[in-house]
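Participant: Structure incoming, see below.
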Amino acid sequence: MNSLIGNIQSFAEKAVINKYTLKPFRRDFQCQQSIMSKYFLEGVLNLPEAGFNTVPSLEIIKDSLSQNGDQLDE
159 MNSLIGNIQS FAEKAVINKY TLKPFRRDFQ CQQSIMSKYF LEGVLNLPEA
209 GFNTVPSLEI IKDSLSQNGD QLDE
């Protein structure tokens, strides 16, 4: 599990440094959503389908958390 999180964090940092153009990810609805993505998008980020259709950003996460009464510690 830690290697997954580390890989995601590493890619995110690389994307910021190299100014990658991020595109939304479209889920194949013929395949069932994984438990991991369901937990992360619905339980952690409160972005059920928006997590698949929105380019990730800190502002989107902050907005989502603030709507739920949570705060992102920086």
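Residue numbering for the sequence shown follows our numbering, beginning at 159 and increasing consecutively. We put the beta carbon where it would ideally sit given N, CA and C, even for glycine. These figures come from a predicted structure and were not determined experimentally.
(1) Give the secondary structure of Tyr178 by DSSP, where H, G and I count as helix, E and B as strand, and everything else as coil.
(2) Would you call the segment 184-194 and the segment 166-176 in contact, with 3 or more CB pairs under 8 Å?
(3) DSSP three-state call for Glu200: helix, strand or coil?
(4) Which same chain residues end up closer than 6 Å to Ser222 when comparing Cβ atoms and leaving out the 5 residues on each side of it in sequence?
(5) The alpha helix (DSSP H) with Gln225 in it runs from where to where?
(6) Which residue wins for smallest C-alpha separation from Lys177, given the options Ser224, Ala208 and Ser215?
(7) Taking the alpha carbon of Ile166 as the point to measure from, which residue in Phe198, Asp186, Arg184 and Arg185 has its own alpha carbon closest?
Facilitator: The answer reads as follows:
(1) On the sequence shown, position 20 is the one that residue 178 refers to. Reduced to three states, the DSSP call for Tyr178 is coil.
(2) no
(3) Within the sequence shown, residue 200 is the residue found at index 42, counting from 1. Glu200 falls in the helix class under three-state DSSP.
(4) Here residue 222 corresponds to residue number 64 of the sequence shown, with the count starting at 1. Excluding positions up to five away in sequence, the list reads Leu203, Asn204 and Leu205.
(5) Numbered from 1 along the sequence shown, position 67 holds the residue referred to as residue 225. Annotation for Gln225: the continuous alpha helix (DSSP H) segment containing it runs Leu216 to Gln225.
(6) Start at 1 with the first residue of the sequence shown, and residue 177 comes out as number 19. For the residues Ser224, Ala208 and Ser215, the minimum Cα distance to Lys177 belongs to Ser215.
(7) As a first step, residue 166 is located in the sequence shown; it is residue number 8 there, counting from the start. With distances taken between Cα atoms, Ile166 lies closest to Phe198.
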